[in-house]
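**Q** For reference, the structure I am asking about is given below.
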Amino acid sequence: MRVTIKDVAKRAGVSTSTVSRVLNKNSVISPETTEQIHKAMRDLNYIPNDLARSFAKASSHVIGLVVDTGSPEDYSNRFFCNTVFALESAFHKHGYNLMVVHAEIPDQDERGIIRLIQGKKIDGIIIPEKLACERLIAELQTISFPFVVLGKRASVNSYSWVDIDNMQAGGIAARYLYAKKYQEFYFLVGSGDQIFEKERIAGFSETMKSLGVSAESYHILAGEHDEQDLKKTLELKHVKRSNRRGFLCSSDRLAAKLIHLSSQMAISVPEQVGVLCFDNTDVAECMVPAISCIDVDTYEQGAQAAELLLKQMQEKEFKCRHILIPTRVIERDSTRRDDVGNE
618 MRVTIKDVAK
628 RAGVSTSTVS
638 RVLNKNSVIS
648 PETTEQIHKA
658 MRDLNYIPND
668 LARSFAKASS
678 HVIGLVVDTG
688 SPEDYSNRFF
698 CNTVFALESA
708 FHKHGYNLMV
718 VHAEIPDQDE
728 RGIIRLIQGK
738 KIDGIIIPEK
748 LACERLIAEL
758 QTISFPFVVL
768 GKRASVNSYS
778 WVDIDNMQAG
788 GIAARYLYAK
798 KYQEFYFLVG
808 SGDQIFEKER
818 IAGFSETMKS
828 LGVSAESYHI
838 LAGEHDEQDL
848 KKTLELKHVK
858 RSNRRGFLCS
868 SDRLAAKLIH
878 LSSQMAISVP
888 EQVGVLCFDN
898 TDVAECMVPA
908 ISCIDVDTYE
918 QGAQAAELLL
928 KQMQEKEFKC
938 RHILIPTRVI
948 ERDSTRRDDV
958 GNE
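Each residue of the sequence shown is one higher than the one before, starting from 618 at the first, in our numbering.
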C-alpha cells in the first residue's frame with residue numbers, strides 16, 4: 618500500500634498540515650520538527666505525490682547507473698566496462714554525467730535510490746536486469762521516473778529494456794556448426810536457469826530442428842563441467858568415432874578447458890572436434906588454436922540504452938520500447954577446417 622502524508626504525520630507525531638508546510642519548504646516550521654518529519658519520510662520511504670511534476674522544473678544533469686556492491690565480479694569484466702564506456706560517452710554528448718548508484722542485491726533495498734530521486738540528484742537511471750526488483754520498478758513507474766533496464770525478464774513488456782538477442786545468438790551458433798559439417802552437436806551451458814541461457818538454448822535447439830538434425834544428434838548439457846565431466850563427453854563412448862562433433866561453450870574458459878583436454882586425449886581440433894564459445898575475449902583470441910566465438914556487442918547495448926533513456930526523458934508521451942542487439946560469429950582456428958569451405 619502506498620504511504621500517504623497522513624502516515625508521515627502519524628509517524629512524526631504532527632499534523633498533516635505541518636507535514637505539508639515542510640514539503641513546501643515553509644520556514645515557519647522549526648528545524649527540529651522539520652528533521653523529525655524528514656526522518657519519518659525516510660523511515661516510511663515516502664514519495665510526495667507531486668514529485669513527478671517537479672522533475673520538469675529542475676535537472677541535475679546526472680544519470681544513475683545501479684550496481685550491486687555485493688557482487689564485484691560482475692563489474693570487473695571487459696563487457697561491463699564496454700557498457701559503462703558507451704553509457705558515459707553517449708550521456709556526455711548530451712551534457713550529462715554518469716553516477717554509480719550502489720545497491721545490495723540480497724536486500725533489494727531501493728530506498729537509497731528513491732532518496733536520490735527525491736533529492737533530484739539524478740534525472741534518469743540505468744538498471745541491470747538482476748537488480749530490477751519489482752518494488753523498485755513499481756516505485757519508478759508510480760512517479761513516472763525515466764529508467765531503462767539492461768537485459769530483460771521473461772514476458773515483461775511494461776518498461777523499456779535493451780538486451781542481447783540471445784535467441785539469435787543460439788541460432789547462428791547452431792547454423793554455423795552445422796555448416797562446418799559436424800555431425801554431433803553439444804551445447805555446454807551453466808545452470809541453464811538464467812533467462813539469457815534459456816533463450817540461447819531455445820535458439821540453438823529450434824535451429825537444429827529446422828536444419829533437420831535429429832534429436833539424438835544434438836545435446837544440451839548443463840552443469841559445472843569439471844574436468845571429469847568433459848573427459849566423459851570427449852571419450853565418445855556413445856557415438857561413432859568417425860563422427861565429427863561441434864561444441865558450443867557458454868564461456869571462453871570452458872572452451873579453453875575443452876581444447877586442452879582434447880589435446881591431452883589426442884583428439885584433433887578442429888578436425889574431430891570443433892569448439893565455438895560465447896564472448897570475444899582475449900582468452901579466446903590467444904588460445905592455441907584460437908577459439909571461434911559469438912561476438913556479443915555490449916558497447917552497442919550501452920549506447921542504445923543511453924539513447925533510449927534520453928528519448929524517455931525528452932518525450933512527453935513516451936511509450937516503452939524494447940531493443941535487441943544482434944550477435945555475429947568470429948571464425949578462428951578452433952573451427953576452421955581445410956576440408957570445409959570457410960566463411
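Every residue gets a Cβ at the ideal spot worked out from N, C-alpha and C, and that includes glycine.
As the structure is a prediction and not an experimental result, all values here were calculated from the model.
Are G820 and G787 touching if we call contact CB-CB under 7 Å?
**A** Yes. Within cutoff.
**Q** Give the secondary structure of L875 by DSSP, where H, G and I count as helix, E and B as strand, and everything else as coil.
**A** Three-state DSSP puts L875 in a helix.
**Q** Any idea which residues DSSP pairs Y835 with across the strands?
**A** Looking at the DSSP assignment, Y835 forms a beta bridge with F802.
**Q** Pick helix, strand or coil for F935, following the three-state DSSP scheme.
**A** DSSP places F935 in coil when its eight states are reduced to three.
**Q** Classify F762 as helix, strand or coil using the three-state DSSP reduction.
**A** Coil at F762, not helix or strand.
**Q** Please state whether the Cβ-Cβ distance between R861 and Q881 is less than 7 Å.
**A** Contact flag unset, no.
**Q** Can you say whether V694 is buried or exposed, counting buried as having 16 or more other CB atoms within 10 angstroms of its CB?
**A** The identity of residue 694 in the sequence shown is Asn, whereas the question assumes Val. Its Cβ having fewer than 16 others within 10 Å, N694 is exposed.
**Q** At the level of alpha carbons, what is the spacing between D950 and A907?
**A** D950 and A907: Cα-Cα distance of roughly 5 Å.
**Q** Quick one: what does DSSP say S634 is sitting in, helix, strand or coil?
**A** DSSP places S634 in helix when its eight states are reduced to three.
**Q** Report all residues from its chain with a CB closer than 6 Å to the CB of L733; omit the five preceding and five following residues, and keep chain order.
**A** Result list for L733: I739, in chain order.
**Q** How many Å lie between S706 and T633 at the Cα?
**A** Roughly 45 Å separates the two Cα atoms.
**Q** Taking only runs of the beta strand (DSSP E) that begin and end inside the segment 902–946, which ones reach a length of at least 3 residues, in chain order?
**A** Those beta strand (DSSP E) runs which fall completely within the segment 902–946 and span 3+ residues are 909–912, 939–942.
**Q** Suppose contacts are defined by Cβ-Cβ distances below 7 Å. Is L767 in contact with A922 by that definition?
**A** For L767 and A922, yes; Cβs fall inside 7 Å.
**Q** Measure from the alpha carbon of T700 to the alpha carbon of each residue in H711, R938, Q918, D956, then state which is nearest.
**A** The shortest C-alpha separation from T700 is found at Q918.
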